[in-house]
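Notes follow once the structure below has been shown.
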Amino acid sequence: MKKKKQGLLIPFSSLKEGKHQFDYSIDAAFFEQYEQSLVHEAQIDVFVDFEKKRNLMEMDISFNGKIGSICDRCSDPFELEIDGEDYLIVKFGEEESIDEHIIYISDSAYELDLSDQVYQLVNLALPAKIEHEKEEDCDQEMIKKLQEYSISEEKEDKVDPRWEALNKLKNK
Ligand SMILES: [Zn+2]
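And the structure:
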């Protein structure tokens, strides 16, 4: 397996039972590891409240930061603030987990990589439409142009077929 460039590792085997805090920063290099990623530019802080218990581990994962994107409405580049949180329980064994909050790792594992969990968490936090929060924050000139463009496209679609034939003749 390819070694991850920016793994979010928790070296749990060397930790004492009890609570531990882990902080990470992820950016474009992290998301580059995922070919399908919708996120490219990013600056996100990840916080993990980790608790090691006798035979399992529990953690609350939260993050906040911003991603660089293009506004769906006006096509202007802008920064979108995002945050989110989730919890995860890690158990030992070979079982297949049916609960998204529970993962199983091998008895011989000594560290945990939270990369995939955090990647999913950030993706779930993305709004369906990535755009400026308020329409007045958008590039108004661009919106006007886009509207004009879509109206003229509509008009073209609705040309009477007879006129269309005539136009073709004229253009010859
Ligand atoms: Zn916009």
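Sequential numbering of the sequence shown, starting at -4, is according to the working numbering.
Virtual Cβ for every residue (Gly too), placed ideally from N, Cα, C.
What's the call for residue i, buried or exposed, on a 16-neighbour Cβ count within 10 Å?
| i | result |
| --- | --- |
| S110 | buried |
| A37 | buried |
| Y19 | buried |
| Q112 | buried |
| I93 | exposed |
| L116 | buried |
| I62 | buried |
Over what stretch of residues does the beta strand (DSSP E) that includes residue i continue unbroken?
| i | result |
| --- | --- |
| V34 | First-last for V34: undefined, no H or E at that position. |
| I98 | I97 to I100 |
Report back the beta-carbon spacing between residue i and residue j to the nearest angstrom; my notes put them in contact at under 8 angstroms.
| i | j | result |
| --- | --- | --- |
| I39 | L107 | The pair is not a contact, with the Cβ atoms about 19 angstroms apart (cut-off 8 angstroms). |
| H15 | A23 | About 28 angstroms; that fails the 8 angstroms criterion. |
Have a look at the options and flag the residue whose alpha-carbon is nearest the alpha-carbon of residue i.
| i | options | result |
| --- | --- | --- |
| V31 | Y114, A123, Q142 and I138 | This sequence places Gln at residue 31; Val is not what is there. Cα-wise, what sits closest to Q31 is Y114. |
| G2 | N50, Y29 and K11 | Y29 |
| V85 | E136, F25, M52 and A123 | M52 |
| Y82 | F58, C133, K11 and L141 | F58 |
| A120 | L33, V43, M54 and D78 | D78 |
| D132 | E91, I21, Y144 and P72 | P72 |
| L75 | E12, K129 and S8 | K129 |
| C69 | S8, Q142, A123 and I146 | Q142 |
| I65 | F7, Y99, R49 and L33 | L33 |
| I97 | F26, K11 and D55 | D55 |
On the DSSP letters alone, give me the boundaries of the alpha helix (DSSP H) that residue i sits inside.
| i | result |
| --- | --- |
| Y114 | S110 to A120 |
Please tell me whether residue i has its Cβ less than 8 angstroms away from any Cβ of chain B.
| i | result |
| --- | --- |
| F17 | Of the protein chains in this structure there is only one, and it is not chain B. |
Please specify which runs of the alpha helix (DSSP H), each continuous and at least 4 residues long, are wholly inside the segment 8 to 71, giving them in chain order. 23 to 27
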